[in-house]
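This note's numbering applies: residue 6 is where the sequence shown begins, and numbers increase by one. Glycine is no exception: its CB is placed at the ideal position from the N, C-alpha and C atoms. Every value quoted in this text rests on a predicted model; they were computed, and no experiment measured them. Let me begin by presenting the structure, written as structure tokens, before commenting on it.
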Amino acid sequence: MPHDTPLIATVVAGLGLAFVFGTIAQRFRVPPLVGYLLAGVAVGPFTPGFVADQALATELAELGIILLMFGVGLHFSLNDLLSVRAIAVPGAIAQIAVATLMGLGLALLMGWTVGAGLVFGLALSVASTVVLLRALQERRLMDTERGKIAVGWLIVEDLAMVLALVLFPAVASLQGGDGAALTSDPLAARFGLGLTGVLVLTLIKIAVFIALMLVVGRRLIPWVLHYIAHTGSRELFRLTVLAIALCIAFGATKLFGVSLALGAFFAGMMLRESPLSQRAAQETLPLRDAFAVLFFVSVGMLFDPLSVVREPWPFAATLFVIVVGKSLAALLIVVLFRHPMATALMISASLAQIGEFSFILAELGVALNLLPKAGRDLILAGAIVSIMLNPLVFAVVDWLTSRLEKPQASSPTAAASEPIPVTELQDHTILVGYGRVGSIVGDALHQRSAPFLAVEASDDMVAKLKERGIEALMGNAARASVLRATNPAGARSLVIAIPEAFEAGQIVEQARAANADIQIIARAHSDAEVDHLKALGADIVIMGEREIARGMIEELDRTRPGTVRAAEQDSAA
Numbered sequence: 006m007p008h009d010t011p012l013i014a015t016v017v018a019g020l021g022l023a024f025v026f027g028t029i030a031q032r033f034r035v036p037p038l039v040g041y042l043l044a045g046v047a048v049g050p051f052t053p054g055f056v057a058d059q060a061l062a063t064e065l066a067e068l069g070i071i072l073l074m075f076g077v078g079l080h081f082s083l084n085d086l087l088s089v090r091a092i093a094v095p096g097a098i099a100q101i102a103v104a105t106l107m108g109l110g111l112a113l114l115m116g117w118t119v120g121a122g123l124v125f126g127l128a129l130s131v132a133s134t135v136v137l138l139r140a141l142q143e144r145r146l147m148d149t150e151r152g153k154i155a156v157g158w159l160i161v162e163d164l165a166m167v168l169a170l171v172l173f174p175a176v177a178s179l180q181g182g183d184g185a186a187l188t189s190d191p192l193a194a195r196f197g198l199g200l201t202g203v204l205v206l207t208l209i210k211i212a213v214f215i216a217l218m219l220v221v222g223r224r225l226i227p228w229v230l231h232y233i234a235h236t237g238s239r240e241l242f243r244l245t246v247l248a249i250a251l252c253i254a255f256g257a258t259k260l261f262g263v264s265l266a267l268g269a270f271f272a273g274m275m276l277r278e279s280p281l282s283q284r285a286a287q288e289t290l291p292l293r294d295a296f297a298v299l300f301f302v303s304v305g306m307l308f309d310p311l312s313v314v315r316e317p318w319p320f321a322a323t324l325f326v327i328v329v330g331k332s333l334a335a336l337l338i339v340v341l342f343r344h345p346m347a348t349a350l351m352i353s354a355s356l357a358q359i360g361e362f363s364f365i366l367a368e369l370g371v372a373l374n375l376l377p378k379a380g381r382d383l384i385l386a387g388a389i390v391s392i393m394l395n396p397l398v399f400a401v402v403d404w405l406t407s408r409l410e411k412p413q414a415s416s417p418t419a420a421a422s423e424p425i426p427v428t429e430l431q432d433h434t435i436l437v438g439y440g441r442v443g444s445i446v447g448d449a450l451h452q453r454s455a456p457f458l459a460v461e462a463s464d465d466m467v468a469k470l471k472e473r474g475i476e477a478l479m480g481n482a483a484r485a486s487v488l489r490a491t492n493p494a495g496a497r498s499l500v501i502a503i504p505e506a507f508e509a510g511q512i513v514e515q516a517r518a519a520n521a522d523i524q525i526i527a528r529a530h531s532d533a534e535v536d537h538l539k540a541l542g543a544d545i546v547i548m549g550e551r552e553i554a555r556g557m558i559e560e561l562d563r564t565r566p567g568t569v570r571a572a573e574q575d576s577a578a
């Protein structure tokens with residue numbers, strides 16, 4: 006009996022084609038997200054063949070954003086947020102202002118109203134949460150100072166957009182648009198609040214939400230997770246983590262007018278207070294990845310390829326504002342705050358795209374008769390093309406950094422831009438990752454006075470290691486420039502303590518090519534990962550589960566009854 010199953014069809018088509026196009030993109034050394042976007046174009050309404058349910062895809066993408074921001078909050082403490090406020094708050098506000106003015110100027114040139122220009126400019130000013138976080142995670146920059154600045158910048162942008170969404174109806178009424186949505190807030194409608202009243206009410210709601218999370222959530226959420234963990238049910242633990250993320254995000258939106266992403270971020274940040282936060286992050290990782298893919302598919306479904314042909318010059322100008330204008334503004338702002346050029350370039354590249362908030366602003370602008378439909382089309386086209394170009398922007402930034410290194414090498418302020426110096430260590434051990442596993446290995450090597458070099462993505466950890474007199478290098482060892490600086494050609498051994506098998510494989514392959522005799526020891530979580538790393542050149546691959554089992558067997562052998570009785574007889578004699 007046939008059934009109408011649009012949800013199943015959308016998920017199957019989206020994930021299935023994302024797999025196909027993502028694999029093809031990876032084969033041609035293009036980031037998989039480009040393949041996900043093309044998959045969305047293929048199942049969208051502007052291409053022939055099957056058309057997925059666009060509304061369902063958008064809602065599924067929102068789930069991905071919630072889970073992704075929740076995961077970021079799990080790794081981001083309140084102290085991290087406060088530590089970057091000096092650059093993130095003024096930097097994000099200044100960048101939004103500059104991009105909005107550029108968008109406003111472009112809108113006026115196209116003959117639009119000032120209200121339309123404000124909506125258009127704001128939509129071009131805010132970066133995509135998913136794209137920015139993906140870029141940071143791929144480069145293992147989340148725990149670095151640059152990553153913290155970028156995330157803090159993102160949070161300030163989200164707060165600014167929440168205020169913008171509240172104020173748009175009032176602007177619409179002033180510009181002759183449809184301001185009826187101003188009364189959508191029950192309190193504003195009941196008391197007849199004007200523009201100033203709505204703004205104050207919104208700020209109060211946001212402040213109350215943050216206060217509740219800091220005072221109540223900071224204690225209640227970890228307690229709930231700790232209680233559920235003691236039940237011993239992994240299924241219930243996983244369900245609790247998801248329920249916390251989704252319920253707080255949804256409640257924050259409905260009760261306090263805060264965005265879903267921001268609500269989820271604060272939920273994760275409060276849950277970080279629990280020692281079980283790492284386990285919570287691991288439990289939600291598969292769902293975060295799957296729904297993040299659906300986000301890119303849903304973005305691709307919005308793109309009409311012919312819109313670029315119909316309006317080539319407005320589209321080119323829109324893309325210029327997003328990719329070049331906004332990036333240059335961010336670059337100058339970060340440099341003015343006396344941060345290294347490497348930080349400025351990375352942040353400017355991360356912000357050279359727009360995404361989910363831009364779509365929301367565009368739809369609201371059209372609904373309020375502020376923004377013409379042509380403006381929405383330009384925003385959508387600019388979003389999808391800028392997301393596709395973002396990996397190329399990062400490649401250009403890498404090239405620029407390498408070009409700037411030579412002329413700046415003599416400058417005393419160019420330390421952050423100089424090429425990574427190659428260690429002088431010889432016959433040493435390279436230790437990649439200084440987490441739970443790597444720190445044990447590193448401490449043992451340090452106690453034995455064995456020469457070794459640690460490679461770690463966290464700048465805080467690198468600073469602590471250097472304080473202890475341990476040579477450490479910040480970066481991702483999978484990158485050729487970073488691994489080259491560890492001198493693998495002159496090293497005796499390489500210990501890869503990071504859990505990511507794909508990155509570990511790249512490190513193994515490069516190290517083996519540099520030194521055929523180096524001993525390579527890696528870690529894995531499955532038989533498939535063991536085979537993968539050995540095929541690439543690893544000498545020894547240790548799977549944690551096996552070592553746990555061997556330890557248990559050794560304890561059983563050591564304490565078996567015969568051994569115990571023999572020991573008792575010896576002690577009596």
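Apart from the five residues just before and just after residue i, which ones in its own chain have a Cβ nearer than 6 Å to its Cβ?
i, result
"Ala421", "Residue placement at Ala421 is poorly supported in this model, since its pLDDT is 38, which falls under 50; the coordinates are not used for a value here."
"Phe399", "Ala354"
"Ala23", "Tyr41, Ala44, Val298, Val302"
"Pro417", "Its pLDDT being 37, under 50, Pro417 is placed unreliably by the model, and the measurement read from it follows with that caveat. Result list for Pro417: empty, nothing under 6 Å."
"Ala14", "none"
Run through the DSSP bridge pairs and tell me what residue i is partnered with.
i, result
"Arg489", "BP columns for Arg489 are empty, so no partner."
"Thr134", "None; Thr134 has no bridge partner."
"Ser498", "Thr434, Gln524"
"Ile545", "Ile526"
"Met479", "Glu461"
Let me know if residue i comes out buried or exposed under the rule of 16 or more other beta-carbons within 10 Å of its beta-carbon.
i, result
"Ala554", "exposed"
"Tyr232", "exposed"
"Val39", "buried"
"Asn84", "exposed"
"Ser264", "buried"
"Asp562", "exposed"
"His537", "buried"
"Ile445", "exposed"
"Ala97", "buried"
"Ser332", "buried"
"Pro586", "Because the chain is modelled from 6 through 578, residue 586 falls outside the range shown and cannot be assessed."
"Pro50", "exposed"
Take residue i and list the residues in its own chain whose beta-carbon comes closer than 8 Å to its own, dropping the five residues that flank it on each side.
i, result
"Arg497", "Asp432, His433, Thr434, Ile523, Gln524"
"Leu597", "Given a span of 6 to 578 for the chain in the structure shown, any question on residue 597 remains unanswerable."
"Asp544", "Gln524, Ile525, Ile526"
"Lys411", "Confidence is the limiting factor: at Lys411 the pLDDT is only 47, short of 50, which leaves the residue's position unreliable and the question unanswerable from this model."
"Thr564", "none"
"Arg5", "The structure shown does not extend to residue 5, since the chain spans only 6 to 578, so no value can be given for it."
"Ser82", "Met274, Arg277"
"Thr52", "Val46, Pro310"
"Asp532", "Met548"
Just to confirm before moving on: does the CB-CB distance between residue i and residue j stay below 8 Å?
i, j, result
"Ala128", "Glu162", "no"
"Val304", "Met351", "no"
"Val3", "Phe261", "Since the first residue of the chain shown is 6 and the last is 578, residue 3 is not available in this structure."
"Leu137", "Phe296", "no"
"Val460", "Val487", "yes"
"Val124", "Gly370", "yes"
"Trp117", "Pro317", "no"
"Val56", "Gly19", "no"
"Leu230", "Leu276", "yes"
"Ile3", "Val156", "Nothing in the structure corresponds to residue 3, since the chain is present only between 6 and 578."
"Thr149", "Met74", "no"
"Ala502", "Gly440", "yes"
"Ser391", "Leu337", "no"
"Ala334", "Gln100", "yes"
"Leu478", "Pro456", "no"
"Ala490", "Ile389", "no"
"Ala349", "Asn395", "no"
"Ile365", "Leu241", "no"
"Ala66", "Phe300", "yes"
Cβ of residue i versus every heavy atom of the ligand ZN: is any distance shorter than 7 Å?
i, result
"Ala540", "The model on display carries no ligand, and the ligand ZN is accordingly not part of it."
Only counting the same chain, and skipping five residues up and downstream in sequence, which positions put a Cβ closer than 7 Å to that of residue i?
i, result
"Thr63", "Ser303"
"Thr322", "First, the amino acid is wrong: residue 322 is Ala here, not Thr. Excluding positions up to five away in sequence, the list reads Leu111."
"Val103", "Ala334"
Three or more beta-carbon pairs under 8 Å between the segment 262–276 and the segment 44–59, yes or no?
-> Short answer: they don't touch.
Stretch-stretch touch, CB-based, cutoff 8 Å, three pairs: the segment 54–70 with the segment 311–327 = They do not touch, by the three-pair rule.
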